[in-house]
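The structure appears right after this line, and notes come after that.
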Amino acid sequence: MNPPPTAAALAPDPIAATTASVVAAPDLPDILPPVKLRRGLVGFIRRHPAIAIGGALVLAMLLIALLAPWLGTVDPTALAPARRTREPSATFWFGTDMLGRDIYSRVLYGTRVSLTVGFSVAILASLAGLAIGLVSGFIRWADGIIMRVMDGLMSIPPILLAVALMALTRGSVGNVITAITIAEIPRVSRLVRGVVLSLREQPYVDAAVAAGTRTPMIILRHILPNTLAPLTVQATYVCASAMIVEAILSFIGAGTPPTIPSWGNIMAEGRALWQIKPYIVFFPSIFLSVTVLAVNLLGDGLRDALDPRMAKRL
Amino acid sequence: MLTYVIRRILATIPVMAVVALFVFSLLYIAPGDPAAVIAGDQATPADVERIRASLGLDRPFLVRFGEWVWQILNGNLGTSIFTNLPVAAMIAQRIEPTLSLMVVTLALAVSIAVPIGVVAAWKADTVIDRAIMAFAVLGFSVPVFVVGYLLAFVFALELDWLPVQGYTPLSEGLWPWLENLILPAVALGCVYIALIARITRAAMLEVLQQDYIRTARAKGIGQTGILFIHALKNAAVPIVTVIGIGIALLIGGAVVTETVFAIPGIGRLTVDAILRRDYPVIQGIVLVFSFVYVLVNLLIDLLYTVLDPRIRY
Numbered sequence: 001m002n003p004p005p006t007a008a009a010l011a012p013d014p015i016a017a018t019t020a021s022v023v024a025a026p027d028l029p030d031i032l033p034p035v036k037l038r039r040g041l042v043g044f045i046r047r048h049p050a051i052a053i054g055g056a057l058v059l060a061m062l063l064i065a066l067l068a069p070w071l072g073t074v075d076p077t078a079l080a081p082a083r084r085t086r087e088p089s090a091t092f093w094f095g096t097d098m099l100g101r102d103i104y105s106r107v108l109y110g111t112r113v114s115l116t117v118g119f120s121v122a123i124l125a126s127l128a129g130l131a132i133g134l135v136s137g138f139i140r141w142a143d144g145i146i147m148r149v150m151d152g153l154m155s156i157p158p159i160l161l162a163v164a165l166m167a168l169t170r171g172s173v174g175n176v177i178t179a180i181t182i183a184e185i186p187r188v189s190r191l192v193r194g195v196v197l198s199l200r201e202q203p204y205v206d207a208a209v210a211a212g213t214r215t216p217m218i219i220l221r222h223i224l225p226n227t228l229a230p231l232t233v234q235a236t237y238v239c240a241s242a243m244i245v246e247a248i249l250s251f252i253g254a255g256t257p258p259t260i261p262s263w264g265n266i267m268a269e270g271r272a273l274w275q276i277k278p279y280i281v282f283f284p285s286i287f288l289s290v291t292v293l294a295v296n297l298l299g300d301g302l303r304d305a306l307d308p309r310m311a312k313r314l
Numbered sequence: 315m316l317t318y319v320i321r322r323i324l325a326t327i328p329v330m331a332v333v334a335l336f337v338f339s340l341l342y343i344a345p346g347d348p349a350a351v352i353a354g355d356q357a358t359p360a361d362v363e364r365i366r367a368s369l370g371l372d373r374p375f376l377v378r379f380g381e382w383v384w385q386i387l388n389g390n391l392g393t394s395i396f397t398n399l400p401v402a403a404m405i406a407q408r409i410e411p412t413l414s415l416m417v418v419t420l421a422l423a424v425s426i427a428v429p430i431g432v433v434a435a436w437k438a439d440t441v442i443d444r445a446i447m448a449f450a451v452l453g454f455s456v457p458v459f460v461v462g463y464l465l466a467f468v469f470a471l472e473l474d475w476l477p478v479q480g481y482t483p484l485s486e487g488l489w490p491w492l493e494n495l496i497l498p499a500v501a502l503g504c505v506y507i508a509l510i511a512r513i514t515r516a517a518m519l520e521v522l523q524q525d526y527i528r529t530a531r532a533k534g535i536g537q538t539g540i541l542f543i544h545a546l547k548n549a550a551v552p553i554v555t556v557i558g559i560g561i562a563l564l565i566g567g568a569v570v571t572e573t574v575f576a577i578p579g580i581g582r583l584t585v586d587a588i589l590r591r592d593y594p595v596i597q598g599i600v601l602v603f604s605f606v607y608v609l610v611n612l613l614i615d616l617l618y619t620v621l622d623p624r625i626r627y
């Protein structure tokens with residue numbers, strides 16, 4: 001904190017300067033041990049290990065998704081009945097499924113589906129939740145109606161809500177994203193509304209009102225920036241949850257169409273054979289778990305970094 | 315108090331109304347025209363129109379909604395498109411395995427999660443606490459079917475301790491019933507345990523800082539007594555609340571767990587209904603589960619005064 005004052009800075013009087021430094025110096029180290037500030041990448045990793053590990057894993061998954069065609073994969077949908085259900089080997093790293101398709105290629109391409117769904121739902125649900133939460137927090141008469149609707153939607157278990165919506169439509173990645181987004185919006189809106197209601201009581205918002213700032217400007221300048229931190233944390237959790245729900249939907253046959261290789265679909269296809277060919281289910285499980293873990297770690301790390309008060313409580 | 319109970323019960327009506335409106339809208343916009351299906355391929359448009367009128371399908375949305383709600387209040391959830399059986403009867407037939415699974419999971423999760431949450435709070439910021447919280451993050455991240463397959467592979471296929479899958483009704487004995495439910499319950503319970511353990515730890519940390527805990531310690535009460543009697547009692551409200559909210563996770567997870575472990579419950583009914591596009595069955599399941607969920611959380615709200623006598627309404 002306070003560096004021991006140097007003689008020159010204190011006073012021109014040499015005697016006063018020496019006594020001051022002699023008296024002040026021994027007290028300080030007991031109260032505050034010297035903090036070694038680490039900068040750069042190493043410092044960041046030490047201060048936020050969860051963000052670093054989670055972020056690195058998410059980045060790795062992103063790279064796998066983008067570079068899938070160049071990572072030694074073959075066409076993930078190519079059928080080869082002659083080499084069905086081969087065990088993992090040097091040629092087929094993760095083995096083949098009951099239609100002879102290469103599971104390694106399918107799992108790698110499946111990363112695309114999972115990340116697309118996770119990120120899209122996180123972004124869409126955050127935007128919709130932000131809009132609904134802001135309206136609800138600022139317009140009194142709308143608040144009651146909106147929150148009753150959200151309460152109603154929240155009392156439908158999210159997976160069932162998504163299943164019910166998916167039953168109506170054809171299975172496609174777009175429909176899966178829409179269904180999961182609708183199921184996630186209530187929680188995000190409730191969060192944003194809560195933050196907005198507490199921000200409205202802040203003295204600086206009162207000051208802005210007193211200064212005659214118009215409501216849209218107050219929202220833009222004072223409310224919106226302060227909702228971003230909790231919203232970002234929530235978005236990572238929404239992303240993790242969306243990837244699990246997508247896999248579950250595909251696994252029970254209500255998700256992405258079977259022609260698209262997604263982790264849930266690979267597991268659904270391996271379901272009938274899992275007692276004799278467990279590897280079909282095993283590899284997509286590992287990828288799904290690691291990806292969700294990475295996003296959750298990132299979320300926990302962001303929460304601790306962005307909101308220290310929340311970090312103490314949970 | 316009585317006013318509060320009545321007010322709280324009345325407050326569930328708008329919630330259930332929203333759920334009902336949502337479910338009915340799904341049925342309303344569901345693809346496929348029942349009148350055209352009944353009329354058959356040979357029917358002229360006039361025939362279809364006549365059948366539609368006789369079924370009452372040509373009336374306004376709100377009239378049909380009102381009638382549908384009236385039917386549900388009388389216990390009629392509609393008829394399955396596929397089996398032609400009443401949906402209520404189909405659900406009733408399958409409710410036992412699902413209910414068993416959820417009750418066993420609930421008991422298991424609470425009896426594991428609360429103690430480890432308490433220990434994590436007691437040993438806060440030590441290796442034990444870190445390990446428990448790391449497990450909690452893992453529990454949140456590993457999806458229920460992954461845990462399910464892993465458990466079934468290790469404990470049923472490799473070690474042969476427990477049955478791989480299936481369900482035995484309770485009427486055939488307690489152990490055969492429980493034996494089949496242990497692995498699914500552990501799999502389904504993972505997320506739930508993680509959730510409850512985290513909240514228990516957070517709630518306990520707050521309570522342990524209170525003056526009366528110091529007083530209890532000064533009086534010479536043992537660590538166990540302080541943690542599980544003085545502190546846990548005061549931390550009960552948030553824990554019980556999250557147990558109630560977490561029921562939604564159990565309901566969603568049950569659908570998947572039943573698929574993994576071949577349990578013939580409502581989850582399997584849901585999956586079959588999806589494959590057959592049997593809308594009335596799906597709507598019925600959503601409605602019943604949502605009702606159960608709302609009811610459980612209503613009961614928990616009413617329990618608050620019992621758990622914490624300081625709460626007065």
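Protein chains in written order, with the numbering used here: chain A, 1 to 314; chain B, 315 to 627. Yeah, the Cβ is synthetic: ideal placement off N, Cα and C, and Gly gets one too.
Notebook entry, point to check: Can you round the beta-carbon distance between A/Leu306 and A/Ala229 to whole angstroms, since I take them to be within the 8 angstroms contact cut?
Noted result: 4 angstroms
Once the 5 residues before and after B/Arg590 are set aside, which same chain residues still bring their CB inside 6 angstroms of it?
Phe396
Would you be able to state if there are at least three C-beta pairs under 8 angstroms between the segment 90-110 of chain A and the segment 164-182 of chain A?
no
- [ ] Let me know the secondary structure DSSP gives B/Asp443 once reduced to three states.
- [x] helix
Q. Counting pairs of Cβ atoms below 8 angstroms between the segment 278-296 of chain A and the segment 52-70 of chain A, do you hit three or more?
A. yes
Say whether chain B places a C-beta atom closer than 9 angstroms to the C-beta of A/Arg303.
no
Exercise. Among the residues of its own chain, which have a CB less than 8 angstroms from the CB of B/Gly480, if the five just before and after it don't count?
Worked result: Asn494, Phe575, Ala576 and Ile577
Practice item. Could you tell me the boundaries of the alpha helix (DSSP H) in which A/Phe94 lies? Key: From DSSP, A/Phe94 is part of no alpha helix (DSSP H); its letter is neither H nor E.
Review point. Closest by CA to B/Pro457, which one among B/Gln537, B/Ala421, B/Ile599 and B/Thr571?
Key: B/Thr571
Practice prompt. Would you mind stating whether B/Val460 and A/Ser285 have Cβ atoms separated by less than 9 angstroms?
Written response: yes
Is there at least one Cβ from chain B nearer than 9 angstroms to A/Val121's Cβ? no
Whether B/Val602 touches B/Ile561 by CB criterion (9 angstroms): no
Counting only beta-carbon atoms, is B/Ala344 nearer than 9 angstroms to chain A? yes
**Q.** Proximal chain A residues relative to B/Val329, where beta-carbon distance stays under 9 angstroms
**A.** Arg148, Asp151, Gly152, Met154 and Ser155
Practice task
Establish whether the CB of B/Ser394 and some CB of chain A are separated by less than 9 angstroms.
Solution key: no
Could you give the distance in angstroms between the alpha-carbon of B/Ser631 and the alpha-carbon of B/Pro359?
The structure shown has nothing for residue 631 of chain B, since chain B only spans 315 to 627.
Interface partners of B/Pro374 on chain A, CB under 8 angstroms
Near B/Pro374 there are no residues of chain A at all, since even the closest Cβ is about 21 angstroms away, more than 8 angstroms.
Inset, instruction - State the CB to CB distance for the pair A/Ile266 and B/Thr573, rounded to an integer number of angstroms; the pair is presumed to be in contact (CB under 8 angstroms). - result: Actually they are not in contact, since the Cβ atoms of A/Ile266 and B/Thr573 sit about 15 angstroms apart, beyond 8 angstroms.
- Taking Cβ positions only, does B/Pro558 come closer than 9 angstroms to chain A? Contrary to the premise, residue 558 of chain B reads as Gly rather than Pro in this sequence. Taking Cβ atoms only, chain A never reaches closer than 9 angstroms to B/Gly558, which makes this a no.
Assign B/Pro429 to one of three DSSP states: helix, strand, or coil.
helix
Margin query: If the criterion is Cβ atoms closer than 9 angstroms, does the pair B/Leu497 and A/Pro278 meet it?
Written below: no
I believe A/Ile280 touches A/Glu269 by the beta-carbon criterion, under 8 angstroms. Please report the beta-carbon distance rounded to the nearest angstrom. 7 angstroms
### Task
Return no unless some Cβ of chain A is closer than 9 angstroms to the Cβ of B/Tyr607.
yes
> Hey, A/Val209 and A/Ser136: beta-carbon distance below 9 angstroms or not?
Replying inline: no
### Query
Which chain B residues are close to A/Gln275, counting only those with a beta carbon under 8 angstroms from its beta carbon?
Leu471 and Val478
* **Counted within 10 angstroms of its Cβ, other Cβ atoms place B/Pro623 as buried (16 or more) or exposed** => exposed
query: Which word fits B/Tyr463, buried or exposed, when buried means at least 16 other C-beta atoms lie within 10 angstroms of its C-beta?
result: buried
For this session: Determine, using beta carbons only, whether A/Asp300 comes closer than 9 angstroms to chain B.
Result: yes
task = Please list the residues of the segment 243-260 of chain A that have a C-beta atom closer than 7 angstroms to any C-beta atom in chain B, keeping them in chain order.
result = Ile244, Ala247, Ile248, Phe251, Ile252, Gly253 and Ala254
CA nearest to the CA of A/Pro203, picked from A/His222, A/Arg190 and A/Met217: A/His222
Roughly how far, in whole angstroms, is the beta-carbon of B/Asp615 from the beta-carbon of B/Arg322, given that I think they are within contact range, below 8 angstroms? 6 angstroms
A/Leu130 to B/Val554 span [Cα, whole Å] = 29 angstroms
#### Entry: Inter-residue spacing [alpha-carbon to alpha-carbon] between A/Ser21 and B/Ala448
Unreliable positioning characterises A/Ser21 in this predicted model, as indicated by a pLDDT of 48, which lies under 50. A coordinate reading is not provided.
Under the assumption that A/Thr236 contacts A/Leu298 (Cβ atoms under 8 angstroms), give the Cβ distance between them as a whole number of angstroms.
5 angstroms
Do you know how far the Cα of A/Met98 is from the Cα of A/Asp304? 45 angstroms
query: Alpha carbon to alpha carbon, what distance is there between A/Thr96 and A/Asp102?
result: 5 angstroms
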